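Enquirer: Pasting a structure below so you can have a look.
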Amino acid sequence: MASFLPFQHQKPFASWQNKVVAIQIRFPYELLVILERYSKEKMLPALNRVKFLVPQDFTMGQFVAIIWNWMGLKSMQVFYFLVDSNNSLVNMSITVADVYATDKDEDSFLYMTYASQEMLKQQKLCSAFIDDIPINIQLAKLTCFSQS
Numbered sequence: 000m001a002s003f004l005p006f007q008h009q010k011p012f013a014s015w016q017n018k019v020v021a022i023q024i025r026f027p028y029e030l031l032v033i034l035e036r037y038s039k040e041k042m043l044p045a046l047n048r049v050k051f052l053v054p055q056d057f058t059m060g061q062f063v064a065i066i067w068n069w070m071g072l073k074s075m076q077v078f079y080f081l082v083d084s085n086n087s088l089v090n091m092s093i094t095v096a097d098v099y100a101t102d103k104d105e106d107s108f109l110y111m112t113y114a115s116q117e118m119l120k121q122q123k124l125c126s127a128f129i130d131d132i133p134i135n136i137q138l139a140k141l142t143c144f145s146q147s
C-alpha cells in the first residue's frame with residue numbers, strides 16, 4: 000500500500016511559485032486552500048480534489064457545508080476541519096479570510112485537514128470539546144484548480 004504524501008511535500012514550492020502568483024492575480028478575491036483527509040481517517044471518503052480557491056467572504060461553515068455535500072454524507076455524519084499550522088479546530092462562524100490571515104503557510108496556501116469525530120477522539124487530534132452543531136447547508140460556487 001502506498002504511503003500518504005501530503006500535498007505540501009509532493010512538489011517543492013519553487014515549482015509552484017509562479018503559478019501561485021498567477022492564480023492570486025487572476026482570482027484576487029479567492030484564497031488558496033489545500034484540504035486533505037486525515038491520513039488515518041477511515042470513515043470519511045477522500046475528496047477527488049484537494050486544492051480549492053475559496054471566496055474570502057465565505058464562512059468556514061459555508062466551506063464545510065459545500066465539502067459535506069460533495070462527499071455525499073448523510074445528515075448524521077459529522078466531520079471537522081483542523082488547521083494544519085496549529086492542529087486546532089476551525090471556528091465555523093469566522094470567514095476563510097480570517098483563518099487564512101492567521102494560519103496560511105509561507106507558500107501562500109492554507110493547509111487544512113478534515114477528520115471524523117471518531118478520529119478526533121481516537122487520535123486525540125484536538126483537545127477542545129466537540130459539539131455536534133447542525134450546519135445550515137448552503138450551495139455556493141467553489142472553484143477547484145488543477146496541479147498542471
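For the sequence shown, position 41 matches number 40 in numbering that gives the first Met the number 0, and the numbering has no gaps at all. Every residue gets a Cβ at the ideal spot worked out from N, C-alpha and C, and that includes glycine. Just so you know, these numbers come straight off a predicted model, no measurement behind them.
So, with DSSP's three-state summary, where would you put Phe62?
Expert: Here residue 62 corresponds to residue number 63 of the sequence shown, with the count starting at 1. If DSSP states are grouped into helix, strand and coil, Phe62 belongs with the helices.
Enquirer: To the nearest angstrom, how far is it from the Cα of Glu105 to the Cα of Val32?
Expert: Translated into positions along the sequence shown, residue 105 becomes position 106. Translated into positions along the sequence shown, residue 32 becomes position 33. If I take the Cα positions, the gap works out to 13 Å.
Enquirer: Measuring only the C-alpha atoms, how far is Lys73 from Ala96?
Expert: Taking the first residue of the sequence shown as 1, we reach residue 73 at position 74. Taking the first residue of the sequence shown as 1, we reach residue 96 at position 97. Near 28 Å, if we compare the C-alpha coordinates of Ala96 and Lys73.
Enquirer: Do you know offhand how far Gln23's Cα is from Met111's?
Expert: Along the sequence shown, read from residue 1 onward, the residue named residue 23 stands at position 24. Along the sequence shown, read from residue 1 onward, the residue named residue 111 stands at position 112. Cα to Cα, Gln23 sits roughly 19 Å from Met111.
Enquirer: Which first and last residues belong to the alpha helix (DSSP H) in which Tyr99 is found?
Expert: Here residue 99 is taken as the residue at index 100 of the sequence shown, counted from 1. Per DSSP, Tyr99 belongs to the alpha helix (DSSP H) from 95–102.
Enquirer: Any idea if Asp83 is buried or exposed, counting beta-carbon neighbours within 10 angstroms, 16 or more meaning buried?
Expert: Within the sequence shown, the letter at position 84 stands for residue 83. It is buried - the Cβ of Asp83 has at least 16 other Cβ atoms within 10 Å.
Enquirer: I need the DSSP call for Met70, collapsed to helix, strand or coil.
Expert: Mapped onto the sequence shown, residue 70 falls at position 71. Helix.
Enquirer: How big is the Cα-Cα spacing for Glu40 and Phe51?
Expert: Position 41 of the sequence shown, counting from 1, holds the residue named residue 40. Position 52 of the sequence shown, counting from 1, holds the residue named residue 51. Computed Cα separation, rounded: 21 Å.
Enquirer: Given Trp15, which residues of its chain have a CB within under 8 Å of its CB, disregarding the five upstream and five downstream residues?
Expert: Taking the first residue of the sequence shown as position 1, residue 15 is located at position 16. Cβ within range, chain order: Asp106.
Enquirer: Beta carbon of Val89, beta carbon of Met70: below 8 Å?
Expert: One-based indexing of the sequence shown puts residue 89 at position 90. One-based indexing of the sequence shown puts residue 70 at position 71. Their beta carbons are not under 8 Å apart, which means Val89 does not touch Met70 by this criterion.
Enquirer: Can you name the residues that DSSP bridges to Tyr79?
Expert: On the sequence shown, residue 79 is found 80 positions in, with the first residue counted as 1. DSSP, once it has assigned bridges, lists Ala114 as partnering Tyr79.
Enquirer: Between the C-alpha atoms of Gln116 and Ala64, what's the straight-line distance to the nearest angstrom?
Expert: Counting from 1 along the sequence shown, the entry for residue 116 is found at position 117. Counting from 1 along the sequence shown, the entry for residue 64 is found at position 65. Cα to Cα, the separation comes out at about 16 Å.
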